Each structure stands twice: as C-alpha cells, then as structure tokens.
C-alpha cells in the first residue's frame with residue numbers, strides 16, 4: 480500500500496466528528512480531528528465548515544485527500560467519496576483504539592448499539608436498543624440540565640454515590656418524572672445519576688450478551704464514552720450478568736465512527752487502485 484491521506488466524516492444525532500489520517504500500510508498517522516455540536520443548525524453546512532477547518536488546521540489541502548469516507552447520517556454528503564454503515568466503522572475503530580477489543584458499545588444521543596467483531600474489525604453480530612430514549616445520551620443530558628450539572632461532572636458525581644436510586648421506567652418521559660420525584664424526596668444528585676447509570680448499564684450488558692459478547696474487552700464509543708461513571712457501572716453490570724467482559728474507553732472514543740470510516744476508506748481506495756491496475 481502506498482502512502483495516502485484519507486478522511487472520515489460522521490454525522491450523529493447531536494454532534495459531527497471529522498478526522499484526517501495519513502495511511503501507509505499498517506502505519507496510521509493521525510493528522511487532525513474536529514467536532515461540532517449540531518444543535519439547531521443545518522448539519523450538512525456545519526459538516527462542510529468543520530471539515531474545512533480541520534483540514535486547514537492540519538495543513539492538508541483538499542486536493543491531497545485520496546478518499547473522503549462518510550458514516551452515520553452523512554450518506555448524502557455531497558463531497559464524500561463513499562459511505563460506510565456505522566456498525567462497520569465503529570467495529571473497525573474499536574480495534575484501532577484497542578487491538579484487544581472484540582466488542583463495541585456505541586452509546587449515542589438517541590440509542591445504544593452493541594457490536595461484536597473479529598480481530599481485523601469485521602462485524603460478526605450487531606443489535607440496537609429497541610427501547611425508548613431513556614437509555615441514551617440525550618436523556619442523561621436532559622437530567623443533568625434539570626439537576627444543574629455540567630455534562631463533564633456526571634461521571635465523577637455518579638462514582639460518589641452511596642445509595643443509588645434506580646430509575647424504574649424505560650420511557651424517557653416517565654424516567655424524567657421519576658427524577659423529579661427523587662429531587663422532591665431529597666435524593667442527592669450523585670445517587671440519582673448513579674441510579675440512571677445502573678438502569679442504562681443493565682440494559683446495555685444484556686444487549687452485549689444477546690449478540691454473544693460474553694468475554695473480553697468491550698470498547699465504549701459514542702457521546703457517552705467519556706462518562707467514567709457509566710463505564711464503571713457497565714463493568715458492575717457485566718459481573719451481575721455473569722459475563723467476563725471489561726468495558727474500557729479511550730480519549731478519542733467519540734471519534735470512532737469517523738476513525739473507522741477513514742480507515743475503511745483507505746482500504747477501499749487501495750482495493751480499487753489494485754483492480755484498476757489489474758484491468
């Protein structure tokens with residue numbers, strides 16, 4: 480494989496992630512990355528702005544990019560060379576971030592997904608949460624806002640809990656009602672957040688078990704990957720489910736979709752180049 484520059488673009492429900500790599504065989508050099516919250520803005524316009532800013536910051540000219548790989552909700556991105564499904568990109572990224580990983584929990588703004596893959600990152604099985612959004616990042620963000628807590632405080636506060644109050648409902652609306660009742664009863668923010676983590680982690684651990692992921696490293700990706708309290712509670716839930724799984728995160732876990740897209744883009748580019756030479 481010759482040296483090439485490839486980029487990955489991941490449009491999620493709440494955030495856009497872009498990365499740029501220089502790839503030469505098994506050697507991968509990370510040149511740049513960018514995130515942008517969508518909020519009420521046009522996602523495709525915002526993606527173009529974030530992508531251009533990333534390349535400028537990395538000192539990469541658009542004409543030097545061999546392959547622009549999209550994933551997530553970026554299927555109709557006009558400047559993309561090709562598109563990859565999210566389960567494929569997260570599986571590949573998990574192995575890149577942690578070569579020992581054999582499963583992924585992608586916990587995003589609206590749902591959670593469990594993916595089992597082999598050593599090279601090929602997806603073997605996959606399943607998404609079917610319940611309402613109470614197991615999502617958006618639900619947790621809404622609760623934190625109600626409690627007057629910054630998102631980056633959620634994990635540390637959860638880990639200080641001494642008597643967690645589990646949220647009984649899987650419905651986001653009823654779950655929020657539960658939290659309002661807890662606050663009125665004087666339940667601490669730490670115990671409320673830990674209770675939410677317990678509820679989420681229990682369902683996610685069962686999701687992993689349902690796809691045959693019962694041992695080894697689980698790479699957590701998506702918007703909640705850096706929630707230390709949730710990752711810790713996932714490991715507690717794995718013990719309760721009697722599976723030998725260890726959930727881990729990585730500082731770049733939120734870029735997983737874009738990472739996997741960029742790496743698969745490099746692979747596809749080289750494959751097409753070889754086919755062209757053969758022809």
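Residue numbers (this note's numbering): 480 to 758.
Quick reminder that beta carbons are idealized off the backbone N, C-alpha and C, glycines included.
Please read these numbers as outputs of a predicted model, since none were measured by experiment.
Check	Outcome
Quick one: is the Cβ of residue 695 within less than 6 Å of any heavy atom of the ligand ATP?	Here there are no bound small molecules, and the ligand ATP is not part of this structure.
In the structure shown, what three-state DSSP assignment does residue 536 receive?	helix
Could you please give the first and the last residue of the uninterrupted alpha helix (DSSP H) stretch that includes residue 495?	It is not in any alpha helix (DSSP H) - residue 495 instead sits in the beta strand (DSSP E) that spans 494–503.
Tell me which same chain residues have a C-beta within less than 6 Å of the C-beta of residue 537, skipping the five on either side of it?	499, 510 and 511
Starting from residue 487, follow its DSSP beta bridges and name the residues at the other end.	498 and 548
Taking the alpha carbon of residue 726 as the point to measure from, which residue in 703, 520 and 748 has its own alpha carbon closest?	703
Can you grab the Cα-Cα spacing for the pair residue 543 / residue 513, in whole Å?	18 Å
Have a look at 532, 552 and 657 and flag the residue whose alpha-carbon is nearest the alpha-carbon of residue 740.	552
Inspect the beta-carbon positions of residue 643 and residue 699 and report whether they are closer than 7 Å.	no
Could you give the DSSP three-state label for residue 604: helix, strand or coil?	strand
From residue 541 to residue 485, what does the alpha carbon distance come to, in whole angstroms?	10 Å
What does DSSP give as the partner residue(s) for residue 723 in the beta ladder?	694
Starting from the C-beta of residue 604, find all residues in its chain whose C-beta is less than 7 Å away, skip the five residues before and the five after it, and write them out in chain order.	595, 690 and 691
Suppose the cutoff is 8 Å on Cβ atoms and the five residues either side in sequence are ignored; what does the same chain contact list for residue 575 look like?	507, 600, 738, 739 and 742
Tell me which residues share the same chain as residue 606 and place their Cβ nearer than 8 Å to its Cβ, disregarding the 5 neighbours each side in the sequence.	592, 593, 686, 689 and 690
Using a Cβ-Cβ cut-off of 8 Å (strictly less than) and excluding sequence neighbours within five positions of residue 623, which residues of its own chain qualify?	629, 630, 632, 633 and 672
How about residue 736 and residue 569: are their beta carbons less than 7 Å apart?	yes
Quick check on residue 744: does DSSP put it in helix, strand or coil?	helix
Can you tell which of 527, 495, 502 and 577 has the C-alpha that lies nearest to the C-alpha of residue 762?	In this structure the chain extends from 480 to 758, so residue 762 is not present and cannot be described.
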